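One structure is given here, and the rest of the page talks about it.
Protein chains: 2
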Amino acid sequence: MTIKEIARRANVSLGTVDRVIHNRGKVSKEKKEKILKIMEEVDYKPNIYARGLVLNKSYTIAALMPEFEVGEYWEVPSRGVGNAANSLSQFGIKVKYFYFDQNNIDSFIKQSNKLIESKPDGVILAPVINFEAVKFCGKLRKLDIPFSIIDSNIENSGAICFIGQDSIQSGRLAAKLLSTSTKGRGKLLIVSIKNNENHNKTLQKRIEGFNDYLLESSNLDDIHVEEVIINQRETNWKNSLETILKKKHPDGVYVPSSKVHFVAEIIKKNMFESKLVGNDLIKNNYYYIESGIIDYVIGQRPETQGYLALENFYKYLVTNQKVRSIHNLPLDIITKENLIFYKTNF
Amino acid sequence: MTIKEIARRANVSLGTVDRVIHNRGKVSKEKKEKILKIMEEVDYKPNIYARGLVLNKSYTIAALMPEFEVGEYWEVPSRGVGNAANSLSQFGIKVKYFYFDQNNIDSFIKQSNKLIESKPDGVILAPVINFEAVKFCGKLRKLDIPFSIIDSNIENSGAICFIGQDSIQSGRLAAKLLSTSTKGRGKLLIVSIKNNENHNKTLQKRIEGFNDYLLESSNLDDIHVEEVIINQRETNWKNSLETILKKKHPDGVYVPSSKVHFVAEIIKKNMFESKLVGNDLIKNNYYYIESGIIDYVIGQRPETQGYLALENFYKYLVTNQKVRSIHNLPLDIITKENLIFYKTNF
DNA sequence: TCTTAAAATGTGTACGTACACAAAATTAAA
DNA sequence: TTTAATTTTGTGTACGTACACATTTTAAGA
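As given, the protein sequences belong to chains A and P, one line each in that order. Counting from 1, position 132 in the first sequence corresponds to residue 132 in the working numbering; the numbering is continuous, with no gaps. Remember, the working numbering sits 346 above the position in the second sequence when you count from 1.
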């Protein structure tokens, strides 16, 4: 079903139908209604090939996210964006990366300014430095540049969509897995490993969910929870962590971030019997899951997050489809036995 | 970079470049080489819009899979195929379903013949009746109709791809989850619910994996496993199942199929304390997971299986891309706390 | 009624590719 | 050398849409 055929049926020219389709006005009421009715009846869908051919636009999407070392978390969403860029290149979608140091506000500001200078058609933002990210969203709104947010959300940011995870539920799930593994009793330790003073929303929410679950679940008396905070900027932080673990001798440890491998390293070295639950299947964690030192990690499909973020821009800019405004990805439970299926290219 | 531009640079006409691109011959050696060299240099990629517009082909893919009631397993892959059909319709991909009764070989034969008569451009096959499916693959090969297999594989079938799961690993994972839930000890029961005499490969492999895991894991002495087979064709099979569960009083039950809800129903009714692990997040299981009667189900993304099966045909037929020959989807661990994220439209 | 402006409608071209067909160049045969 | 056959090369059209521009119709004003 083509514009031509609709024009024929409505006894008008192509141009008139075209004006109706694009709402360009300058069409009499009666003809407009007639055309709309026919379009409805035949369920007209524009030929995307013809449309793509004639429009032949190309879009540059800028991705503003933390820089990373190989094996660290942000490598994965970044790769997801890259994969999407690859498969969408034929549709004229291009990506430009702007990496910032997540422990350095100036770096964020500098990169975000560079980004704006490059005048992208869209922005993918990882708001790990929350306060600055909020300001940046304001700038984008003023410039009328559409943007999407990945990882952790900013309320009322004006983004076309958010793609991330439900962090509270992630913490709850961790609590369930860890308490089941310790047979519903014993001493649990939450280890927060930070390398800056920033208020980390994700970490906080996960811990909140973790504690909530334990409070709500029945046999509270048998379980004791304690939290320790490790600052990676301190020299010898690894040693202090080791000392703490030796002293506390917990039955289960929860690390509410991808940095669980640091704890796994210590557990392995000292041959502790502790059960261990953390987040994210990154390269640094892989071996420890495989060997059973990390019992479970909770994954949130970071690669898919990156992929969807770009794909959504394709939908939004190229095909003019509506995009889901919030997309919480599944919390995958990853353990020795299903590890292999979640492995992507490290 | 267009054909026109290549033609200009090579000092030939569009037609000559076209012949080189499509290997239609009738081009002198020197010109051919010159054109190929230029194409290489500029990394020519055809404009998919223009190509799609001019080709404007449409492909009909036939899906041969078991019929189902609402809430049963095969509803989900079927919906996945439908979703893909929806988003690929603009690329000229259409689907025609042929449903058969998986307990009736004649039904399979009848439907497969109807399918062949419809002369599809590709076939998606669910080989639940293994022996007949093998014969059917032979027919498709002779007719040169490309086909893909979902759910369980047929070795050397000639399919362009297989999309399914690793059933042995699924069983192993179930064993881990169930034994962890029963604190590593007690009496475990495997309940196989069948409604035909067919040799069900998937079921068998899952049980194999389940037993293997328990044999390999350390504290074997504390765990005892038994298997019971329930035939749904017997009248009062539900009552017999209930009687068995009452008599055996297992600490954990593994149902290596989506029919775990039948056991859940009995456990709920009798308020047993049994831990329960099964397969597949289908509608019939949802409530029991939500209320914690089923502790874990292992999902294998059946909707994605269906989706990928069709999408692969798009890649194969429309874009001429290579497709992965084996695609084992992740074994998702689904439990009360992450249930919501795996829920699709029931 | 005539003129003019505004609104409505129609027409033509471009996008890049595939393919049928026409034309030119080359080779073979007489 | 001329003619025919064959190979090589070039041209034209279609695909369905978007958009600029041309033309026609209608309404408003004198």
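Don't be surprised by glycine CBs; every beta carbon is placed ideally from N, CA and C. This one's a predicted model, so the numbers in the text were calculated from it and none came from an experiment.
Answer with yes or no whether the minimum CB distance from residue i to chain A is below 8 Å.
i, result
"Lys629 (chain P)", "no"
"Gln515 (chain P)", "yes"
"Lys391 (chain P)", "yes"
"Asp497 (chain P)", "no"
"Glu683 (chain P)", "yes"
"Ser604 (chain P)", "no"
"Asn357 (chain P)", "no"
"Phe687 (chain P)", "yes"
"Asp678 (chain P)", "yes"
"Leu471 (chain P)", "no"
"Lys522 (chain P)", "yes"
"Gly428 (chain P)", "no"
"Thr650 (chain P)", "no"
"Thr526 (chain P)", "yes"
"Arg354 (chain P)", "no"
"Arg487 (chain P)", "no"
Is the Cβ-Cβ distance between residue i and residue j less than 8 Å?
i, j, result
"Tyr44 (chain A)", "Ile6 (chain A)", "yes"
"Glu554 (chain P)", "Ile612 (chain P)", "no"
"Ile223 (chain A)", "Ser258 (chain A)", "no"
"Pro492 (chain P)", "Ile470 (chain P)", "no"
"Ala174 (chain A)", "Val277 (chain A)", "yes"
"Asn631 (chain P)", "Val643 (chain P)", "yes"
"Ile509 (chain P)", "Ser494 (chain P)", "yes"
"Val363 (chain P)", "Ile349 (chain P)", "yes"
Does DSSP put residue i in a helix, a strand or coil?
i, result
"Pro423 (chain P)", "helix"
"Pro330 (chain A)", "coil"
"Ile640 (chain P)", "coil"
"Glu155 (chain A)", "coil"
"Val480 (chain P)", "helix"
"Lys343 (chain A)", "coil"
"Lys4 (chain A)", "helix"
"Tyr443 (chain P)", "strand"
"Pro492 (chain P)", "coil"
"Asn577 (chain P)", "strand"
"Tyr600 (chain P)", "strand"
"His607 (chain P)", "helix"
"Asn320 (chain A)", "coil"
"Thr180 (chain A)", "helix"
"Leu399 (chain P)", "helix"
"Thr681 (chain P)", "coil"
"Ser192 (chain A)", "strand"
"Gly624 (chain P)", "strand"
"Glu572 (chain P)", "strand"
"Pro302 (chain A)", "helix"
If I measure Cβ to Cβ from residue i and keep anything under 6 Å in the same chain, skipping five residues before and after, which residues do I get?
i, result
"Lys34 (chain A)", "Ala10"
"Gly652 (chain P)", "Pro423, Gly426, Val427"
"Ala311 (chain A)", "Correcting the residue type first, residue 311 (chain A) is Glu in the shown sequence and not Ala. Hits under 6 Å: Ala84."
Looking at chain P, is there any beta carbon in it that lies within less than 8 Å of the beta carbon of residue i?
i, result
"Ile21 (chain A)", "no"
"Lys183 (chain A)", "yes"
"Asn328 (chain A)", "yes"
"Tyr59 (chain A)", "no"
"Tyr49 (chain A)", "yes"
"Arg79 (chain A)", "no"
"Leu53 (chain A)", "yes"
"Arg347 (chain A)", "No answer is possible for residue 347 (chain A): the residues shown for chain A start at 1 and end at 346."
"Arg206 (chain A)", "no"
Taking the alpha carbon of residue i as the point to measure from, which residue in the options has its own alpha carbon closest?
i, options, result
"Pro302 (chain A)", "A:Val12, A:Met65, A:Gly15, A:Glu234", "A:Met65"
"Ile116 (chain A)", "A:Gln102, A:Phe98, A:Asn130", "A:Phe98"
"Gly598 (chain P)", "P:Glu619, P:Lys614, P:Glu580", "P:Glu619"
"Pro466 (chain P)", "P:Met347, P:Tyr405, P:Lys547", "P:Tyr405"
"Lys248 (chain A)", "A:Asp212, A:Tyr213, A:Asn236, A:Val191", "A:Val191"
Starting from the C-beta of residue i, find all residues in its chain whose C-beta is less than 7 Å away, skip the five residues before and the five after it, and write them out in chain order.
i, result
"Leu685 (chain P)", "Ile635, Glu636"
"Tyr688 (chain P)", "Leu627, Gly645, Asp678, Ile680"
"Val323 (chain A)", "Ile160, Cys161, Asn312, Lys315, Tyr316"
"Lys547 (chain P)", "Asn476, Ser498"
Whose C-beta lies closer than 8 Å to the C-beta of residue i among residues of the same chain, with five residues either side of it excluded?
i, result
"Ile105 (chain A)", "Ile129, Glu132"
"Gly71 (chain A)", "Ile282, Lys283, Asn284, Phe346"
"Asp101 (chain A)", "Pro66, Glu67, Ser107, Phe108"
"Lys194 (chain A)", "Asn200, Leu203, Ile229, Ile230, Asn231, Gln232"
"Asn270 (chain A)", "Glu242, Leu245, Lys246"
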